[in-house]
């Protein structure tokens, strides 16, 4: 009887471990999607938001500020100012006093706007998540051929504000660090280039 009881207890312990492991894996997989959804909701506040950023990569090293409202954004660095109204992008290069006008791709937007991932993760990516140093680290991997094959997004658990995005493109990794995120009431005019503010700038249409 004692041997049977011990055997049963061992089976109970093993089964309990398996059930807990499966339950944890299921909840963990679900939470990655939930965390991204909550982050997207915070970032896409209807009124808008502002933050500071630093970009480091093989093709770009810059620091500045960004204002966002839905898909619209305005990014400013000591070298350039970029406006995007959801379709058209204006890039003012201070050194040359010229403005380049273009319709950017998703990859080009992601390289400039650190929050563009919120429009990308729902299609064409699978994701996992781990908790490290008190933050959520969501790992996105492309399921088909895309210009951005991988992304690591670091998210603060309580606020669901992203603090860092690392993305892998063909030319290597780019890291965008974000700080001072704050929701603000922004007008739509902020995201369009106003020629009156740059009367001597040369406008080059690349569309």
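In the numbering used here, the protein residues as written are 12 to 218. Using N, Cα and C, we set each Cβ at its ideal position, and we do this for glycine too.
Does the segment 194-214 come into contact with the segment 138-150, if we say contact requires no fewer than three beta-carbon pairs (one atom in each stretch) closer than 8 Å? With the cut-off at 8 Å, the segment 194-214 and the segment 138-150 do not touch.
Beta strand (DSSP E) segment containing residue 202, residue limits: Within the chain shown, numbered from 1, the residue matching residue 202 stands at position 191. Element bounds for residue 202: n/a, residue is neither H nor E.
Own chain, CB closer than 8 Å to residue 211, minus 5 neighbours either side, in chain order: The sequence position of residue 211 within the chain shown is 200, counting from 1. Sequence-distant partners of residue 211 (beyond 5 residues in either direction) whose C-beta falls short of 8 Å from its own C-beta, in its chain, are 108.
Could you tell me which residues DSSP puts in a beta bridge with residue 72? Here residue 72 refers to the residue found at position 61 when the chain shown is read from its first residue. In the DSSP assignment, residue 72 is bridged to 67.
Identify, in the order they occur along the chain, each residue of the same chain with its Cβ nearer than 8 Å to the Cβ of residue 96, setting aside the five sequence neighbours on each side. Stepping through the chain shown from its first residue, residue 96 is reached at position 85. Same-chain partners within the cutoff: 83, 199, 202 and 203.
Which residue wins for smallest C-alpha separation from residue 87, given the options 49, 66, 81 and 184? Along the chain shown, read from residue 1 onward, the residue named residue 87 stands at position 76. If we check each option's Cα against that of residue 87, 66 comes out closest.
Alpha carbon to alpha carbon, how far is residue 75 from residue 189? Give it in angstroms, no decimals. As a first step, residue 189 must be located in the chain shown, where it is residue number 178. As a first step, residue 75 must be located in the chain shown, where it is residue number 64. As the crow flies, the alpha-carbon of residue 189 is around 10 Å from that of residue 75.
DSSP-derived helix/strand/coil call for residue 38: In the chain shown, the residue the question calls residue 38 occupies position 27. Caution is warranted here: a pLDDT of 36 is assigned to residue 38, below 50, making its placement in the model unreliable, and the coordinate value is therefore given only provisionally. Helix, per DSSP.
Extent of the continuous beta strand (DSSP E) to which residue 111 belongs: Here residue 111 refers to the residue found at position 100 when the chain shown is read from its first residue. Unbroken beta strand (DSSP E) run through residue 111: 109-113.
Could you round the C-beta distance between residue 217 and residue 111 to whole angstroms and report it? I think they count as a contact, below 8 Å. In the chain shown, the residue the question calls residue 217 occupies position 206. In the chain shown, the residue the question calls residue 111 occupies position 100. Indeed they touch by this definition, with Cβ atoms about 6 Å apart.
Collapsed DSSP secondary structure at residue 121 in the structure displayed: As a position in the chain shown, residue 121 is number 110, starting the count at 1. Reduced to three states, the DSSP call for residue 121 is helix.
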